[in-house]
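Engineer:
Protein chains: 2
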Amino acid sequence: MTTPQKIDVALGARSYPILIGDGVARNAAHWAEWAGTRKLAIVTNTVVAPLYADALEQTLGDRQVLRIVLPDGEVHKTLDGVARIIDALVANRFGRDDLLIALGGGVVGDMTGFAAACYQRGMDFIQVPTTLLAQVDSSVGGKTGVNHPGGKNLIGAFHQPRAVFADTALLRTLPPRELRAGLAEVIKYGLICDAEFFAWLEAHADELLALQPAALAHAIRRSCEIKAEIVARDEHERGDRALLNLGHTFGHAIETATGYASWLHGEAVGAGLAMAARMSMHAGWMAEADVTRIERLLHAVGLRASAAPEVDAAAARAAMNLDKKVQRGRLRFILMRGIGRAFVTADWPPEALERTLVAQFG
Amino acid sequence: MTTPQKIDVALGARSYPILIGDGVARNAAHWAEWAGTRKLAIVTNTVVAPLYADALEQTLGDRQVLRIVLPDGEVHKTLDGVARIIDALVANRFGRDDLLIALGGGVVGDMTGFAAACYQRGMDFIQVPTTLLAQVDSSVGGKTGVNHPGGKNLIGAFHQPRAVFADTALLRTLPPRELRAGLAEVIKYGLICDAEFFAWLEAHADELLALQPAALAHAIRRSCEIKAEIVARDEHERGDRALLNLGHTFGHAIETATGYASWLHGEAVGAGLAMAARMSMHAGWMAEADVTRIERLLHAVGLRASAAPEVDAAAARAAMNLDKKVQRGRLRFILMRGIGRAFVTADWPPEALERTLVAQFG
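Going line by line, the protein sequences match chains G and B.
Take the first sequence: its letter number 159 is residue 177 in this note's numbering, and every next letter is one higher.
Take the second sequence: its letter number 210 is residue 228 in this note's numbering, and every next letter is one higher.
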């Protein structure tokens with residue numbers, strides 16, 4: 019175990035720390051500090067439980083811990099699934115002063131966080147994200163919730179965790195494809211506001227793919243810092259927080275058009291980043307050299323920069339009309355004036371979107 | 019229509035007004051001010067819809083309004099019921115900038131508020147409470163939620179309305195039994211912190227029972243003011259807000275022991291107030307003369323002061339162990355040092371509880 023790094027997400031009374039490093043979730047002292055002696059339930063899934071639940075319970079010591087094991091996969095991220103968590107809490111007489119631990123990826127984190135938000139109108143939870151995506155994205159910022167047949171994350175709450183333990187040791191069992199998908203969100207942070215971090219990623223892509231702990235810790239730390247800064251400025255997504263959706267309008271279109279079956283979320287976001295870059299270029303806001311750098315980095319970490327040939331432009335267009343980002347009839351895009359210079363706009367040239375759709379979709 | 023009275027619930031960015039008076043919900047100017055031109059859905063139930071939904075839509079003018087009609091009754095206050103509201107919002111492409119209107123009693127308000135809290139992680143809603151109980155209690159303070167087979171209101175959120183229109187004209191169709199149940203909560207506010215208001219209620223009980231608008235408006239106004247003050251001090255129920263549960267520990271025991279079938283919530287709270295008074299007396303904190311005044315006022319408005327013979331002491335005791343107010347093993351009671359002087363304590367003489375249980379339950 020190395021000394022963990024610590025970031026504070028500054029949200030007044032709801033502030034919380036993110037501990038980052040090799041072994042942070044296996045350190046009993048961290049649990050003593052952040053969980054105290056409270057009654058605990060670990061919420062996890064059928065894939066993660068056999069890998070890490072026993073070890074976590076051991077770290078938590080002698081006390082009795084309830085284990086709630088969910089089925090694996092985004093398809094189970096439903097209101098019914100959250101109802102099952104709540105059923106278990108009621109059956110085991112949990113009170114609002116007790117604590118949930120989310121041990122898993124984004125789905126487990128979103129569902130556990132939403133259950134914590136709703137149970138007795140709000141109880142505490144700690145995130146132990148086991149995927150890179152969850153460590154750099156879904157465990158930071160307090161968005162919790164579930165999907166509805168009519169759309170992703172349509173039901174949810176803003177509910178901040180008490181702490182996040184981002185343990186890079188947990189990534190050793192992560193399938194390589196999911197590691198790459200997580201890197202898409204890491205690249206996104208560089209593109210939003212940190213050209214230097216983007217350049218660092220270009221230089222260290224191989225180390226990240228090889229799970230080198232120090233490189234991972236740096237990438238996670240910088241990603242979380244950027245997300246935390248943006249969330250602190252705009253907790254409830256009324257303004258700047260929309261920047262975090264860079265690549266997501268196109269990404270959601272890919273996911274929707276392919277029925278959330280063949281593309282991982284991060285893979286779709288990766289291609290979405292390239293599309294946002296292309297659209298920015300077509301609008302005259304971004305140099306072609308920057309687009310090339312972005313596409314090159316995506317390829318270097320094993321991600322795609324286009325949705326062709328699976329998704330055609332018509333399907334993408336249809337999917338985007340349903341997107342949450344439709345505000346009073348006008349779609350807002352997050353575009354770039356260069357690497358590290360993302361901005362939100364509802365005022366974009368329609369032909370820039372058209373050219374992107376035609377070129378980037380099959 | 020008389021000039022409405024207005025109370026401001028001071029909660030920083032979540033502050034909102036309560037308009038009180040005869041006809042406030044039928045005044046198009048109020049809707050223009052608080053709903054603007056947003057897309058609207060009225061959530062109501064099968065009893066209230068035929069009485070008031072058409073009139074409200076007329077007041078709202080020419081625009082298209084979605085109407086969501088729920089089945090009537092506490093038994094339908096479930097997570098599934100909220101899912102049905104959300105289904106309708108998704109099907110009609112509501113966004114988080116649109117607005118829900120809760121037209122009904124506490125059940126409709128709690129479910130609509132919770133749907134608004136969860137839909138796209140939070141949209142606005144306006145309360146139009148149609149029962150006295152909802153006007154003085156459930157529409158103030160932002161508690162929303164649903165029941166679970168394991169307990170009442172176990173699933174929910176704190177979510178403040180944008181405005182509350184407490185229209186006394188809507189109480190003319192209220193069954194007399196529900197009016198009386200609502201008066202239990204009104205009496206509660208006097209007992210918590212306003213002896214003068216309690217004396218006013220003693221003097222004006224007949225006018226309230228006769229639905230005299232000015233008397234109703236005063237009772238609602240003072241009740242809402244007291245609740246608003248307490249909520250503003252402690253929005254998330256970490257301290258003073260527990261005072262609002264005066265009478266509710268015993269009341270919940272009655273409701274639980276009778277399976278939520280024969281007693282209305284307000285009726286149970288009314289008896290619970292008398293029991294809290296008796297327990298306070300047995301603990302040596304309240305004079306018998308005060309207990310007598312409380313029981314006399316309850317009787318004057320047609321409420322009971324005891325749960326005997328339906329609920330026996332053993333059933334009440336069992337029900338109270340499951341109560342949410344169990345904190346780390348010790349039950350907190352809200353008791354009184356006199357009329358208008360309620361306080362929260364975990365340090366009460368066990369024999370005071372025993373004597374109350376034996377005397378007040380059958």
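Each residue gets a CB set at the ideal place from its N, CA and C atoms; glycine is no exception.
In this text the structure is predicted, and so the values were computed from the model without any measurement.
1. For B/M354, which three-state DSSP category applies?
2. Using a Cβ-Cβ cut-off of 7 Å (strictly less than) and excluding sequence neighbours within five positions of G/D258, which residues of its own chain qualify?
3. Would you mind sorting G/E427 into buried or exposed? The rule is 16 or more other CB atoms within 10 Å of its CB.
4. What runs of the alpha helix (DSSP H), each 4 residues or longer, lie entirely inside the region 54-135 of chain B?
5. Residues in its own chain within less than 6 Å of B/R44 by CB, not counting five upstream and five downstream?
6. Drop a sphere of 10 angstroms on the beta-carbon of G/E149, count the other beta-carbons inside from all chains shown, and report buried for 16 or more, exposed for fewer.
7. Starting from the C-beta of B/Y70, find all residues in its chain whose C-beta is less than 7 Å away, skip the five residues before and the five after it, and write them out in chain order.
8. Look at the alpha carbon of B/L340 and the alpha carbon of G/R111, and state the distance between them as a whole number of angstroms.
9. Which residue from B/L229, B/I25, B/R314, B/N63 puts its Cα closest to that of B/G127?
10. Grab me the residues of G/K342's own chain with a C-beta within less than 6 Å of its C-beta, minus the 5 sequence neighbours each way, in chain order.
11. Quick test of your reading: B/M293 and B/Q378, contact by CB under 8 Å. State the CB separation rounded to the nearest angstrom.
12. Quick check on the burial criterion: 16 or more other C-beta atoms within 10 angstroms. Buried or exposed for G/E51?
13. Would you please verify whether the beta carbon of B/L58 is less than 7 Å from any beta carbon of chain G?
14. Under three-state DSSP, which class holds G/P194?
15. What are the boundary residues of the beta strand (DSSP E) that G/T162 is part of?
16. Considering just the uninterrupted stretch of the alpha helix (DSSP H) at B/L282, what are its terminal residues?
17. In the DSSP assignment, find the alpha helix (DSSP H) that holds G/G169 and state where it starts and stops.
18. Would the region 159-177 of chain B and the region 208-223 of chain B be scored as touching if the rule is three or more Cβ pairs under 8 Å?
19. Taking buried to mean at least 16 other C-beta atoms within 10 Å of its own C-beta, is G/P93 buried or exposed?
20. Could you check if B/R346 is buried or exposed, using at least 16 other CB atoms within 10 Å of its CB as the buried criterion?
21. If we ignore side chains and look at the alpha-carbon of each, how far apart do B/D155 and B/Q145 end up?
22. 7 Å is my cut-off, CB to CB: does G/L97 come that close to chain B?
23. Identify the continuous beta strand (DSSP E) that holds G/V182 and give its terminal residues.
24. Would you call B/D185 buried or exposed, if buried means 16 or more other Cβ atoms sit within 10 Å of its Cβ?
25. When DSSP labels each residue in this structure, what does G/K342 get in the three-state scheme?
26. Might you give, ordered along the chain, the residues of its own chain that have their beta carbon closer than 6 Å to the beta carbon of B/R32, omitting 5 neighbours on each side?
27. Could you run through the region 136-149 of chain B and flag, in chain order, every residue whose CB is less than 8 Å away from some CB of chain G?
28. For B/V362 and B/F268, what's the separation of their Cα atoms in angstroms?
29. What residue does the beta strand (DSSP E) around B/L375 start on, and which one ends it?
30. Name the two residues that bound the continuous beta strand (DSSP E) containing B/G39.
31. Does the beta carbon of B/H418 come closer than 7 Å to any beta carbon on chain G?
32. If you reduce the DSSP assignment to three classes, tell me which class B/R359 lands in.
33. Would you mind stating whether G/R239 and G/I38 have Cβ atoms separated by less than 7 Å?
34. Is there a Cβ from chain G that is less than 7 Å from the Cβ of B/A73?
35. Nearest chain B C-beta to G/V362 closer than 7 Å, yes or no?
36. For chain G, is any of its Cβ atoms less than 7 Å away from the one on B/A250?
Structural biologist: Taking the definition as stated:
1. strand
2. I248, R251, D252
3. Since the first residue shown for chain G is 19 and the last is 380, residue 427 of chain G is missing from the structure and cannot be characterised.
4. 72-78, 97-109
5. T77
6. According to the sequence shown, residue 149 of chain G is Thr rather than Glu. Burial call: buried.
7. L121, T148, L188
8. Here the model assigns B/L340 a pLDDT of 45, short of 50, so the residue's position is not dependable and the matter cannot be decided.
9. B/N63
10. A caution first: G/K342 carries a pLDDT of 49, below 50, which makes its placement in the model unreliable, though a value can still be read off. Excluding residues within five positions, none has a Cβ falling inside 6 Å.
11. 5 Å
12. exposed
13. no
14. helix
15. 161-166
16. Segment: none, B/L282 is in no alpha helix (DSSP H) and carries neither H nor E.
17. Not the alpha helix (DSSP H): G/G169 falls in the beta strand (DSSP E), residues 169-176.
18. no
19. The sequence as given places Val at residue 93 of chain G; Pro does not occur at that position. That one is exposed.
20. Because B/R346 carries a pLDDT of 49, less than 50, the predicted location of this residue cannot be relied on, and the following value inherits that uncertainty. Flag for B/R346 reads exposed.
21. 12 Å
22. yes
23. 181-185
24. buried
25. The predicted position of G/K342 is uncertain, since its pLDDT is 49 and thus under 50; a value taken from the coordinates is nonetheless stated next. Three-state DSSP puts G/K342 in coil, outside helix and strand.
26. Q178
27. C136, Y137, Q138, R139, G140
28. 14 Å
29. Where B/L375 is concerned, there is no enclosing beta strand (DSSP E), although the alpha helix (DSSP H) it sits in stretches over 368-378.
30. 34-39
31. Because chain B is modelled from 19 through 380, residue 418 of chain B falls outside the range shown and cannot be assessed.
32. coil
33. yes
34. no
35. no
36. no
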